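Participant:
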DNA sequence: GCGCCCGTGTACTAAGTAGTATACACTACA
DNA sequence: TGTAGTGTATACTACTTAGTACACGGGCGC
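Residue numbers (the working numbering), protein chains in the order written: chain U, 1 to 117; chain A, 1001 to 1117.
(1) Can you name the residues of chain A whose CB is closer than 7 Å to the CB of residue 82 of chain U?
(2) What's the call for residue 1048 of chain A, buried or exposed, on a 16-neighbour Cβ count within 10 Å?
(3) Buried or exposed: which applies to residue 74 of chain U, given that a residue is buried once 16 or more other Cβ atoms fall within 10 Å of its Cβ?
(4) Using a C-beta to C-beta distance shorter than 8 Å, which residues of chain A count as neighbours of residue 76 of chain U?
(5) Does the distance from the CB of residue 100 of chain U to the CB of residue 1093 of chain A come in under 8 Å?
(6) Do residue 1038 of chain A and residue 1027 of chain A have their C-beta atoms closer together than 8 Å?
(7) Count the C-beta pairs between the segment 78-93 of chain U and the segment 1009-1018 of chain A that are closer than 8 Å, then say yes if the count reaches three, no if not.
(8) Mapping DSSP to helix, strand and coil, what is residue 95 of chain U?
(9) Measure from the C-beta of residue 73 of chain U to each C-beta in chain A and report whether the shortest distance is under 8 Å.
(10) Looking at the C-beta of residue 1109 of chain A, does it have a partner C-beta in chain U at a distance below 8 Å?
(11) Determine whether the Cβ of residue 114 of chain U lies closer than 8 Å to any Cβ atom of chain A.
(12) Sort U/21, U/70, U/42 by Cα distance to residue 5 of chain U and report the nearest one.
(13) With DSSP as the reference, label residue 35 of chain U as helix, strand or coil.
(14) Counting C-beta neighbours from all protein chains within 10 Å, is the total for residue 84 of chain U 16 or more, i.e. buried, or is it exposed?
(15) Less than 8 Å between CB atoms is the rule here; does residue 54 of chain U satisfy it with respect to chain A?
(16) Verify the CB distance criterion: does residue 1069 of chain A have a CB-CB separation below 8 Å to chain U?
(17) List the residues of chain A that residue 88 of chain U touches, going by C-beta distances under 8 Å, in chain order.
(18) Does the beta-carbon distance from residue 44 of chain U to residue 2 of chain U come in below 8 Å?
(19) So for residue 1072 of chain A, helix, strand or coil by DSSP?
Now the structure itself:
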């Protein structure tokens, strides 16, 4: 069963409880797909939609686009592009950091952002 | 015209100059595709092959797989998986580092690798 | 009891992905 | 002169992606 589908359904139903405009039909219309398609996606009958639709859905549901894309098994195209522009560098960075704890990685990034280098 | 194709053709021809086993046919056979397919790929008549074949080609030509994948417009699946496992963290890291000069980024990686965190 | 919105089932499709299989003309060499 | 290897043209295919179009039956309100 699709994690993406159940996650989306759960979030949408939660919002719908206090706002009727979060029906399958209306959300589908707002993100630009047919209701039947969103329905199938939520039930995992069809694989997750395109990056564009997932991002629209994230915006609609108030979720982090990168997280929702990850659940859809995708990586945002702007990240991919950044990697493709300097493949050796970013391949090294990611492989080096992938087993590090979050706090270590974030601390480093903060140092860099604060211009300490 | 395909950068990937011309790059591969160039590398292969260079190797062929001193080693006749780097013909289209023989390289194709070693990476597991039909010669006609590799020929079309090199001339940009067909889009770059799958990640698997690109990696095999990189190995064959003595090139960096991540660089060749980048030329093919792809990002290695192991990197994608690392990002998907911690999407918020890696999205932040990449977007934060993408405009930094190489030396700053590499310095960070070195610090991490040397276990200073 | 009619209209309206709800979620969903069924059927279909256009475009892209990732190639294979076969045949052809050319060159080298022995 | 024939045969072995070279690159390429042509035709075809199975699978995946990313959806649309339309119809159906069910419930709520007035």
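In this text, a Cβ means the ideal position worked out from N, Cα and C, and glycines have one as well. Only a predicted model underlies this, so the values are computations on that prediction, with no experimental measurement involved.
Facilitator: To lay it out plainly:
(1) Mapped onto the first chain, residue 82 of chain U falls at position 82. The answer, in chain order, is 1094, 1098.
(2) Counted from its first residue, the second chain places residue 1048 of chain A at position 48. The residue is buried, with at least 16 neighbouring Cβ atoms inside 10 Å.
(3) On the first chain, residue 74 of chain U is found 74 positions in, with the first residue counted as 1. The residue is buried, with at least 16 neighbouring Cβ atoms inside 10 Å.
(4) Counting from 1 along the first chain, the entry for residue 76 of chain U is found at position 76. Ordered by position in chain A, the residues that pass the 8 Å Cβ test against residue 76 of chain U are 1091.
(5) Position 100 of the first chain, counting from 1, holds the residue named residue 100 of chain U. Position 93 of the second chain, counting from 1, holds the residue named residue 1093 of chain A. Cβ atoms of residue 100 of chain U and residue 1093 of chain A: not closer than 8 Å.
(6) The sequence position of residue 1038 of chain A within the second chain is 38, counting from 1. The sequence position of residue 1027 of chain A within the second chain is 27, counting from 1. Yes, Cβ-Cβ distance for residue 1038 of chain A and residue 1027 of chain A is below 8 Å.
(7) Taking one beta carbon from each stretch, the segment 78-93 of chain U and the segment 1009-1018 of chain A have fewer than 3 pairs nearer than 8 Å; the two do not touch.
(8) Within the first chain, numbered from 1, the residue matching residue 95 of chain U stands at position 95. Taken through DSSP and simplified to helix, strand or coil, residue 95 of chain U comes out as helix.
(9) Taking the first chain and counting its residues from 1, the one referred to as residue 73 of chain U is at position 73. Look at residue 73 of chain U: its C-beta is under 8 Å from a C-beta on chain A.
(10) Position 109 of the second chain, counted from the start, is the residue given in the question as residue 1109 of chain A. Look at residue 1109 of chain A: its C-beta is under 8 Å from a C-beta on chain U.
(11) Residue mapping note: residue 114 of chain U aligns to position 114 of the first chain, counting from 1. No, residue 114 of chain U lies away from the interface with chain A (no Cβ there is under 8 Å from its Cβ).
(12) Stepping through the first chain from its first residue, residue 5 of chain U is reached at position 5. The residue with the shortest Cα to Cα distance from residue 5 of chain U is U/42.
(13) Taking the first residue of the first chain as position 1, residue 35 of chain U is located at position 35. DSSP places residue 35 of chain U in helix when its eight states are reduced to three.
(14) Against the first chain, residue 84 of chain U aligns to sequence position 84. Around the beta carbon of residue 84 of chain U, 16 or more other beta carbons lie within 10 angstroms, which makes this residue buried.
(15) In the first chain, the residue the question calls residue 54 of chain U occupies position 54. No, no contact with chain A.
(16) Within the second chain, residue 1069 of chain A is the residue found at index 69, counting from 1. Closer than 8 Å to some Cβ of chain U, the Cβ of residue 1069 of chain A qualifies, so yes.
(17) Along the first chain, read from residue 1 onward, the residue named residue 88 of chain U stands at position 88. Here the neighbours are 1064, 1066, 1067.
(18) Looking up residue 44 of chain U in the first chain gives position 44. Looking up residue 2 of chain U in the first chain gives position 2. Yes, the Cβ-Cβ distance between residue 44 of chain U and residue 2 of chain U is below 8 Å.
(19) Taking the second chain and counting its residues from 1, the one referred to as residue 1072 of chain A is at position 72. In the structure shown, residue 1072 of chain A sits in coil (DSSP, three-state: anything other than H, G, I, E or B).
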